[in-house]
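No gaps in the numbering here: position 426 of the sequence shown is 426 in the numbering used here, and each next residue is one more.
Note that beta-carbon positions come from the ideal geometry of N, C-alpha and C, so glycine has one too.
Quick caveat, the model's predicted, so the values are computed rather than measured.
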Amino acid sequence: MHETYLWPFANAIRAGTSSVMCSYQRINGSYGCQNSKTLNGLLKEELGFQGYVMSDWLATHSGIPSIEAGLDMNMPGGINFPDPTPSFWGENITFSVKNGSLSEARVNNMVVRIMTPYFHLGQESDFPAIDGYTPQLGFYGASGYPHNFTLGPIVDARRNEHTRLIRDLGAAGTVLLKNTDGALPLKNPSNIGVFGNDAADFTSGQYSLVLSGAGLFDGDYTIGTLAVGGGSGTGRFSHVVSPLGAIKARAESYGGIVQYITDNDRIVRGGLTALAPVPLDVCLVFLKSWASEGDDRATLVADWNSTAVVETIAAACNNTVVVLHGAAPNTMPWRNNPNVTAILAAHMPGQESGDSMVDILWGDVDPSGRLPYTIAHEDADYAKNLVNSTELLTTTDPDAWQADFVEGNLIDYKEFDARNASVAFEFGFGLSYAAFGVSNLQIDVAVKSAAKVPDPAAPIQPGGNVELWTTLATVAATVSNTGSVAGATVPQLYLSYPEEADAPVRSLRGFEKVTLNAGASAPLCFPLSRRDLSYWDTVAQEWTLPTGAVRAYVGFSSRDLPLSGEFAVPIATVPASEEVKTARPS
């Protein structure tokens with residue numbers, strides 16, 4: 001819980017997150033939005049969270065029990081969706097306070113937590129009015145609003161700064177996985193082939209939702225680029241630049257031609273027979289993988305007969321570049337095909353998808369994205385802890401569905417490292433058009449000694465005990481661009497802990513994006529806090545510094561770590577009785 005799942009929440013709370021949503025599933029048998037240990041104990045007490053907890057939509061299953069467990073806001077309010085009544089909350093809160101079953105102090109606390117971010121973020125002063133088109137976008141029209149919200153003008157978000165930012169972010173999130181003999185960047189090829197149903201513009205509108213299998217919208221559309229996923233995280237586009245459209249515009253700028261087939265079935269059946277002239281200078285294949293709330297992936301291979309599409313194009317084109325959009329990771333059965341010269345994982349780049357990709361393909365932007373996951377050779381290489389069966393699908397026992405987290409902290413790269421297993425592309429991996437190196441590793445321990453656990457009497461501020469964020473050591477190095485062009489890279493720091501920590505082989509503890517001109521160098525500095533250097537002691541129920549040496553690794557991925565060195569934080573010697581006093585009870 002602490003070393004893996006709570007870790008990013010501590011970072012987010014410390015950074016100023018004002019609201020946290022609780023989840024659908026049960027945790028140790030108690031619904032996530034009615035789990036006092038996670039909401040009151042971990043979030044509000046241990047992490048010092050001062051904002052409010054809101055439920056996921058329809059994740060509230062009680063009134064007083066969920067309120068007392070730490071839930072502050074019930075969304076959308078009604079037991080049924082989208083009806084506002086009946087509700088577990090609503091007028092029942094008033095009844096509960098009046099009959100003494102719910103304290104007025106707890107209700108006041110809920111109100112304070114909800115309103116604190118409002119004032120902290122300055123929403124009461126010069127805050128933009130609600131977009132006037134909002135009532136037409138949601139499930140609730142203005143006629144159903146309980147309050148008369150002031151609506152502003154319809155906002156046009158296509159201003160230059162929005163478009164430029166989205167375009168930059170789309171390129172920055174693209175990971176170059178393969179680049180044989182400098183196939184990329186493109187050098188203004190005269191005859192370009194574009195293939196795959198992900199390359200084209202939409203044919204079914206610019207919105208995909210797929211709400212819990214309700215068939216509200218069909219997001220997994222046959223033709224059209226995949227710029228965003230489905231479910232509650234989707235969005236309505238004002239416009240989308242398709243890869244095909246952007247590539248045609250770029251080729252036209254210097255006199256190149258673009259031929260294309262965006263029907264995957266047609267590609268598999270007929271190859272390049274519809275095109276002339278052939279051969280092509282480069283073949284750009286665009287694949288996609290759909291995923292949505294209520295519409296999970298059934299395989300890690302890209303959708304729409306992707307393997308056959310790539311193999312068909314590569315058989316006829318010895319310079320095939322494959323781009324993957326959408327849900328990730330994707331396994332790539334064709335990745336070692338010698339005619340597949342480059343692979344790009346472009347993820348979900350948003351409305352400027354095509355322009356972002358053109359920036360990468362033609363080298364206007366150096367690919368600086370790095371994998372936030374491991375890509376295995378095939379689906380079966382991942383250790384899956386999935387609970388599913390025909391019996392479970394038909395059971396009426398609410399306690400039958402139970403998944404024990406037997407994997408502990410060994411997820412993604414930590415799992416593969418524990419097995420010393422071969423992978424296709426490791427966590428943190430990504431290529432650049434430049435070349436980089438790291439050197440001059442230096443490790444400085446900032447304290448002469450430190451208590452094995454933080455002082456339990458120290459203040460609890462957003463993020464937890466303030467001593468957890470004290471810098472105890474610093475790892476420094478130098479990163480150099482040894483290539484012939486400017487570029488960006490992401491040096492990474494990993495730590496290995498002594499045996500007493502029972503920790504993974506290595507754990508990521510720092511990363512920094514660095515942009516350098518050819519031949520330039522820059523210093524790196526990774527401060528390490530007490531929490532970074534500690535493990536969670538399940539007996540003491542406290543973050544605990546290990547006794548002995550910690551090994552630091554610096555490099556460019558979880559398996560490309562040319563620099564390493566050991567250091568130890570001296571542990572303060574205290575009488576055994578005092579050591580017991582500093583440990584919190586479980």
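Anticipated Cβ contact below 8 Å, residue i with residue j, distance rounded
i	j	result
V268	T312	6 Å
V282	V321	6 Å
A328	Y373	7 Å
D131	I114	Incorrect: roughly 22 Å between the Cβ atoms, too far for contact.
E124	Y133	No, E124 and Y133 are not in contact; Cβ-Cβ is about 24 Å, not under 8 Å.
V241	G354	4 Å
S19	Y52	5 Å
V479	P491	5 Å
N99	W89	Between W89 and N99 the Cβ distance is about 15 Å, and since that is not below 8 Å, they are no contact.
A10	G463	5 Å
Residues that DSSP places opposite residue i in a beta bridge
i	result
N191	I257
A477	L524
L495	S507 and A552
Q442	A476
V282	I192
L431	L176
W536	W543
D455	Answer is none; D455 lacks a bridge partner.
Q461	G464
D295	S292
F436	N481
F425	I375
CB contact flag (residue i, residue j, <9 Å)
i	j	result
T482	A434	yes
V194	V258	yes
A69	N109	no
A105	G369	no
P84	P76	yes
S62	M21	no
S558	F436	no
A520	V358	no
T225	D201	yes
K452	T538	no
A346	G170	yes
T331	V301	yes
L528	A568	no
G363	M348	no
Y254	L244	no
P590	L361	Absent from the structure is residue 590, since the part of the chain shown begins at 1 and ends at 586.
G196	V309	yes
R14	Q442	no
E378	P333	yes
L508	L493	yes
L431	K187	no
V97	V107	yes
Q34	L71	yes
A549	A450	no
Y553	S496	yes
A476	F526	yes
L272	L280	yes
A403	L386	yes
Continuous alpha helix (DSSP H) stretch holding residue i: start and end
i	result
N179	It is not in any alpha helix (DSSP H) - N179 instead sits in the beta strand (DSSP E) that spans V175 to N179.
L410	Taken as a continuous stretch (DSSP letters only), L410 belongs to no alpha helix (DSSP H), as it is neither H nor E.
T592	Outside the displayed span of the chain (1 to 586) sits residue 592, for which this structure offers no information.
L563	Here L563 belongs to no alpha helix (DSSP H); instead the beta strand (DSSP E) covers L563 to F567.
H120	E104 to H120
T312	S306 to A316
M332	Note, M332: premise wrong, no alpha helix (DSSP H); not H, not E.
S101	Neither: S101 is in no alpha helix (DSSP H) and is coded neither H nor E.
N385	Segment: none, N385 is in no alpha helix (DSSP H) and carries neither H nor E.
G270	N264 to G270
S353	S353 to L361
Limits of the unbroken beta strand (DSSP E) element including residue i
i	result
L516	V514 to L516
V323	T320 to G326
T341	V340 to H347
E542	E542 to T544
G487	G487 to T489
Residue i: CB within 8 Å of a non-hydrogen atom of the ligand HEM
i	result
Y497	Ligands displayed in this structure: none; no statement on the ligand HEM is therefore possible.
Discussion item. Quick check for students: name the residue ranges of the alpha helix (DSSP H) that lie wholly in the stretch 8 to 95, counting only runs of 4 or more.
Written reply: Here the runs fully enclosed are 64 to 68.
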